[in-house]
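Student: Just passing along the structure, written as structure tokens.
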Amino acid sequence: MTHQNTPSTWLRRADDPDCVQLLDVTVRPCPGLRVSVPARLRYYRTDPYAVHLDCHADLDEPITWLFGRELLTEGLNGRAGLGDVTVRRSPTDPGRLAIALTTPGHTAVLHTPAAPIRDFLRRSHRVVPPGTEHHHLDITALLRHLLPDHPTRPE
């Protein structure tokens, strides 16, 4: 879902995502068992380097992972990431992606079709083209957050 030029978009709240994509995600907790997990991707121009991945796993609130948009882009073409989040094409089905999410002692691998992610990234690149992310950062707000007791001068 992207925001079109309609009256509802003119009233878009500042905290609404600029791009949203629902995903058909499966997890294999053990051999022979495949579980479907509702998930969605969100992108905000105010957080231009990041993608939010919400996983609804029988909890009142979703589990949200935050990682780089570029990581997801690179994962569409091969293998990307080191550490907590890695993305790669499925070795058995090139039309699917495997997103590995790691916490201490646990790793969940989410399998999802690549086409919706490709479409989501295409829309996010229209909102904030790659290489222009820095133009969308609010440095003054960041400084206020990092240094709450330090006065910042307006530019």
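Residues 569 to 723 (the numbering used here) make up the sequence shown, in order. By construction, the Cβ of each residue, glycine as well, lies at the ideal position given by its N, Cα and C atoms. The model shown is predicted, which means the values in this text are computed figures rather than measured ones.
Quick check on residue 706: buried or exposed, where buried means 16 or more other Cβ atoms within 10 Å of its Cβ?
Tutor: By one-based count along the sequence shown, residue 706 stands at place 138. Result: exposed.
Student: Please report the straight-line C-alpha distance between residue 615 and residue 717, rounded to a whole angstrom.
Tutor: Translated into positions along the sequence shown, residue 615 becomes position 47. Translated into positions along the sequence shown, residue 717 becomes position 149. Distance between the alpha carbons of residue 615 and residue 717: 24 Å.
Student: Just list the residues that DSSP pairs residue 611 with in beta bridges.
Tutor: Within the sequence shown, numbered from 1, the residue matching residue 611 stands at position 43. In the DSSP output, where bridge partners are listed per residue, residue 611 has 587.
Student: Restricting to Cα atoms, I'd like to know which of 595, 604, 617 and 593 is closest to residue 695.
Tutor: By 1-based counting over the sequence shown, the position of residue 695 is 127. Among 595, 604, 617 and 593, the Cα nearest to that of residue 695 is on 617.
Student: State the DSSP-derived secondary structure class of residue 602, mapped to helix, strand or coil.
Tutor: For the purposes of this step, residue 602 is identified with residue 34 of the sequence shown, where counting begins at 1. Three-state result, residue 602: strand.
Student: Helix, strand or coil for residue 592 per DSSP?
Tutor: The count along the sequence shown starts at 1 and reaches residue 592 at position 24. It is a strand residue.
Student: Along the chain, where does the alpha helix (DSSP H) that runs through residue 643 open and close?
Tutor: As a first step, residue 643 must be located in the sequence shown, where it is residue number 75. 637-643 is the span of the alpha helix (DSSP H), which, as asked, contains residue 643.
Student: Considering only the alpha carbon of each residue, which of 629, 685, 628 and 711 lies closest to residue 642?
Tutor: Position 74 of the sequence shown, counting from 1, holds the residue named residue 642. The option with the nearest alpha carbon to residue 642 is 685.
Student: Once you ignore the five residues that flank residue 596 on each side, which residues in its own chain have a CB closer than 8 Å to its CB?
Tutor: Here the question's residue 596 lines up with position 28 in the sequence shown. Result list for residue 596: 602, 603, 677 and 679, in chain order.
Student: With a cut-off of 8 Å on the beta carbons, I'd call residue 646 and residue 657 a contact; round off their distance for me.
Tutor: Looking up residue 646 in the sequence shown gives position 78. Looking up residue 657 in the sequence shown gives position 89. Right, the Cβ-Cβ distance comes to about 7 Å (below 8 Å), so this counts as a contact.
Student: What do you get for residue 714, buried or exposed, if any count of 16 or more other CB atoms within 10 angstroms of its CB means buried?
Tutor: Here residue 714 corresponds to residue number 146 of the sequence shown, with the count starting at 1. By the neighbour-count rule (16 or more Cβ atoms within 10 Å), residue 714 is not buried but exposed.
Student: Look up residue 705 in the DSSP assignment and say whether it is helix, strand or coil.
Tutor: Here residue 705 is taken as the residue at index 137 of the sequence shown, counted from 1. Residue state, collapsed to three classes: coil.
Student: Could you check which residue in 600, 650 and 624 has the C-alpha nearest to that of residue 591?
Tutor: Numbered from 1 along the sequence shown, position 23 holds the residue referred to as residue 591. The residue with the shortest Cα to Cα distance from residue 591 is 624.
Student: From 622, 584, 681 and 629, pick the residue whose C-alpha is nearest to that of residue 660; which is it?
Tutor: By one-based count along the sequence shown, residue 660 stands at place 92. Minimum Cα distance to residue 660 is reached at 681.
Student: Once the 5 residues before and after residue 667 are set aside, which same chain residues still bring their CB inside 6 Å of it?
Tutor: For the purposes of this step, residue 667 is taken as the residue at position 99 of the sequence shown. Excluding residues within five positions, the ones whose Cβ falls inside 6 Å are 655 and 678.
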